[in-house]
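Trainee: The structure that follows is given in the form of structure tokens.
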Amino acid sequence: MLRLALGIRIFFKVLFSPRFARALWAWLEVWKTPATPESKEPDGPQRTPAIELLATLQREGRLVDFLQEKLDGYSDAQVGAAVRDIHRDCAGALNRVFGIAPLLEQEEGAIVSLPAEVDPGAWKLTGNVAPGAESARLCHHGWKITRHELPAWTGRDTSAWVVAPAEVEIG
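Residue numbers (my numbering): 13 to 183.
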């Protein structure tokens, strides 16, 4: 009964008082519940750059096949022979996609100058690390990429997580 009486009273107040109507409208806008956007679930697994890179290394160097293979039954010579091809083909794929290059050009063992502010993402300091060091012996030149040209995924969503298709022989 209270709600009915309140509703009738507000109805007439809004009808005969433009100032009250504007104030009520503004109050309703403030308290309006925001429309919740529909959360769209992905239709299926999405192909990520990591999956595309792994698929490239498998396609061009058969890296996944090698890493998943049990090596117990093979001699060191057989493993070494297989590694040569995998090494060559995977290195070629990485260089084609990323343009792998040394971070520093100096030979390992050379004395290199350190920047005034050492970026921990580009420099790994080891040994007797003291503040203000200006030079150090190069243990590893590091690696950087000079480009990023990962192939674009053009397959179906159903095979987004497939790194290598199953191979079957018919007949």
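Glycine included, every Cβ here is placed at the ideal spot set by N, Cα and C.
Could you tell me the distance, in whole angstroms, from the CA atom of L162 to the CA atom of L106?
Mentor: The count along the sequence shown starts at 1 and reaches residue 162 at position 150. The count along the sequence shown starts at 1 and reaches residue 106 at position 94. Computed Cα separation, rounded: 10 Å.
Trainee: Report all residues from its chain with a CB closer than 7 Å to the CB of V130; omit the five preceding and five following residues, and keep chain order.
Mentor: Position 118 of the sequence shown, counting from 1, holds the residue named residue 130. For V130, where only same-chain residues beyond five positions count, the Cβ hits under 7 Å are L137.
Trainee: Based on Cα-Cα distance, which residue from K44, H152, W39 lies nearest to E117?
Mentor: Sequence index remark: in the sequence shown, residue 117 carries index 105 (1-based). The option with the nearest alpha carbon to E117 is H152.
Trainee: How is the alpha helix (DSSP H) around R96 delimited, first residue to last?
Mentor: Taking the sequence shown and counting its residues from 1, one reaches residue 96 at position 84. Start and end: 88-110.
Trainee: Measuring straight from C-alpha to C-alpha, what distance separates E64 and Q90?
Mentor: Counting from one through the sequence shown, the residue named residue 64 turns up at place 52. Counting from one through the sequence shown, the residue named residue 90 turns up at place 78. E64 and Q90: Cα-Cα distance of roughly 29 Å.
Trainee: Determine the DSSP secondary structure at R74, reduced to helix, strand or coil.
Mentor: Residue mapping note: residue 74 aligns to position 62 of the sequence shown, counting from 1. The answer is coil: DSSP assigns R74 none of H, G, I, E or B.
Trainee: Please name the residue in F78, S171, R149, F24 whose C-alpha comes closest to that of E121.
Mentor: Mapped onto the sequence shown, residue 121 falls at position 109. Correcting the residue identity first, residue 121 is Gly in this sequence and not Glu. Residue R149 is the option with its Cα nearest to G121.
Trainee: What distance in whole Å lies between the Cβ atoms of A176 and R71, which are believed to be in contact at a cut-off of 8 Å?
Mentor: Stepping through the sequence shown from its first residue, residue 71 is reached at position 59. Stepping through the sequence shown from its first residue, residue 176 is reached at position 164. Correct: roughly 7 Å between the Cβ atoms.
Trainee: For W165, which option in Y86, L16, L66 has the closest C-alpha, if you only look at C-alpha atoms?
Mentor: By 1-based counting over the sequence shown, the position of residue 165 is 153. That would be L66, whose Cα lies nearest to the Cα of W165.
Trainee: With the cut-off set at 9 Å, would you say T68 and V109 are in Cβ contact?
Mentor: As a working note, residue 68 is residue 56 in the sequence shown. As a working note, residue 109 is residue 97 in the sequence shown. Their beta carbons are under 9 Å apart, which means T68 touches V109 by this criterion.
Trainee: Could you check where the beta strand (DSSP E) with I123 kicks off and where it finishes?
Mentor: What you label residue 123 is simply residue 111 of the sequence shown in a count that begins at 1. Run containing I123: 123-125, per the beta strand (DSSP E) assignment.
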